Amino acid sequence: MTAHVLLVRLAAPLQSWGVVSRFSRRDTHSRPTKSGVIGLCAAALGHDRADALGQLAALRFGVRADQPGTPVRDYHTVGAGTYPLRPRDIITDPRRAAALSANLASADEPSFGHHELAHWYGVPKYIASDSASGALVSAELARKSLITERWYLSDAAFVAALQHPDRAFLEAIAIALESPKRLLWLGRKSCPPSGTLAGPLHAGTIEEAFRSTALLPFQGGEKHSRTRPWAWIEAAPGAAAATQVQDQPVTFDADRRAHTTRWETRTRIAIAETATEWDIIP
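Below, the structure written as structure tokens:
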């Protein structure tokens with residue numbers, strides 16, 4: 000059975016492909032993950048997170064690092080401070096109403112949205128039942144700031160490859176990537192993709208498609224000094240020189256998100272002299 004390959008351009012000022020991210024530290028892999036790219040395609044097709052992945056999970060995956068990018072660390076402090084109280088804060092939490100009543104009575108023109116309570120955090124956390132009124136209120140009125148760090152790849156450009164015997168299925172993905180039914184991002188919501196995503200369709204394997212397709216152009220039209228980029232290509236379990244990676248998606252359901260193991264090989268790609276150039280909007 001003939002295989003077909005869809006190439007996908009993944010380029011943006013910032014992208015971030017987390018593998019073991021936690022709240023206080025959001026890492027990024029050095030390249031796009033299969034889970035991240037399959038999630039991108041599922042969003043473009045309009046799938047719900049709880050939907051079965053079906054043929055998407057069966058896609059053979061590869062990624063070529065045309066521009067590996069530069070790791071960037073973004074330092075964050077989150078929370079703490081005070082925020083203007085909203086009407087619903089007063090209605091739903093009698094403690095806030097009592098504490099604010101004196102402020103409102105002494106104000107020349109009392110109005111909601113312009114008053115703060117010292118040492119009270121403006122967003123409810125850890126909701127609990129109030130012992131006096133029975134109303135659901137915040138169990139934590141003050142909140143210390145949380146320090147987080149988030150990692151990104153700056154000015155990176157990758158070519159992802161999706162291999163499948165059903166050409167029509169790959170064509171549907173390509174159309175969806177250019178006219179997505181849901182918002183798309185490169186690993187994180189703060190990283191929207193730039194320009195064209197869907198590249199050409201090839202008959203053959205991922206290896207052949209990578210060799211016969213030119214490197215992505217740099218911004219500004221500069222020429223590449225590199226001619227043999229690294230690529231990571233999905234392989235059969237236990238194949239020679241293959242290593243395991245834990246990014247094969249099982250489900251994106253928020254309540255039971257799960258991944259399993261797949262195998263991949265790392266190799267240099269020699270771009271053919273007759274390689275097809277990209278026809279894209281950068």
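Residue numbers for the sequence shown follow numbering that gives the first Met the number 0, beginning at 0 and rising by one.
All C-beta atoms in this analysis are idealised placements derived from N, C-alpha and C, irrespective of residue type, glycine included.
In this text, all values refer to a predicted model and were calculated from it rather than measured experimentally.
| Query | Result |
| --- | --- |
| What are the residues that DSSP puts in a beta bridge with V4? | Q162 and H201 |
| Which word fits A41, buried or exposed, when buried means at least 16 other C-beta atoms lie within 10 angstroms of its C-beta? | buried |
| Return the first residue and the last residue of the beta strand (DSSP E) that V77 is part of. | T69 to V77 |
| According to DSSP, is L9 part of a helix, a strand, or is it coil? | strand |
| I'd like to confirm something about H163: is its beta-carbon nearer than 8 Å to some heavy atom of the ligand MN, or not? | This structure simply doesn't include the ligand MN, nor any ligand for that matter. |
| Cutting at 6 Å between CB atoms, please list the residues of its own chain near A213, excluding the five before and the five after it. | A274 and E276 |
| Please confirm whether E206 and I270 have their CB atoms less than 9 Å apart. | no |
| Relative to the C-alpha of L176, which residue among H163, P191 and R187 is closest? | P191 |
| Pull up the CB-CB distance for V4 and A208, whole angstroms please, since I reckon it's below 8 Å. | 4 Å |
| With burial defined as no fewer than 16 other Cβ atoms inside 10 Å of the residue's Cβ, what is the status of R25: buried or exposed? | buried |
| Give the C-beta separation of L215 and Q66 to the nearest angstrom, bearing in mind that I take them to be a contact with Cβ-Cβ under 8 Å. | 7 Å |
| Between T260, R227 and P228, which lies nearest to A241 when the distance is taken from Cα to Cα? | T260 |
| Assuming S34 is part of the alpha helix (DSSP H), what are its boundary residues? | K33 to L44 |
| Would a C-beta distance cut-off of 9 Å place Q54 and L185 closer than the cut-off? | no |
| Measuring straight from C-alpha to C-alpha, what distance separates T195 and A235? | 31 Å |
| If you compare alpha carbons, which of A202, S130 and W262 is closest to P93? | S130 |
| Quick one: measure Cβ to Cβ for Q247 and H258, integer angstroms, because I've assumed they're closer than 8 Å. | 6 Å |
| With respect to the beta strand (DSSP E) encompassing L135, which residues constitute its N-terminal and C-terminal limits? | L135 to S137 |
| Could you give the C-beta distance for T27 and Y151, rounded to a whole number, given that I count them as a contact under 8 Å? | 6 Å |
| According to DSSP, is T266 helix, strand or coil? | strand |
| Return the residue from the list R8, W16 and A11 that minimises the CA-CA distance to R187. | W16 |
| Got a sec? Which residues, its chain only, sit under 7 Å from R72 by beta carbon, not counting five neighbours each side? | E148 and W150 |
| If I follow the unbroken alpha helix (DSSP H) through A56, where does it start and stop? | Q54 to A57 |
| Taking C-beta to C-beta, are A156 and R8 nearer than 9 Å? | yes |
| In the DSSP assignment, find the unbroken beta strand (DSSP E) run with T195 in it and report its ends. | Here T195 belongs to no beta strand (DSSP E), and DSSP marks it neither H nor E. |
| Could you tell me how far apart the beta carbons of R181 and A43 are, in whole angstroms, since I believe they sit closer than 8 Å? | 7 Å |
| Under three-state DSSP, which class holds R261? | strand |
| Mind checking who V244 pairs with in its DSSP beta bridge? | R261 |
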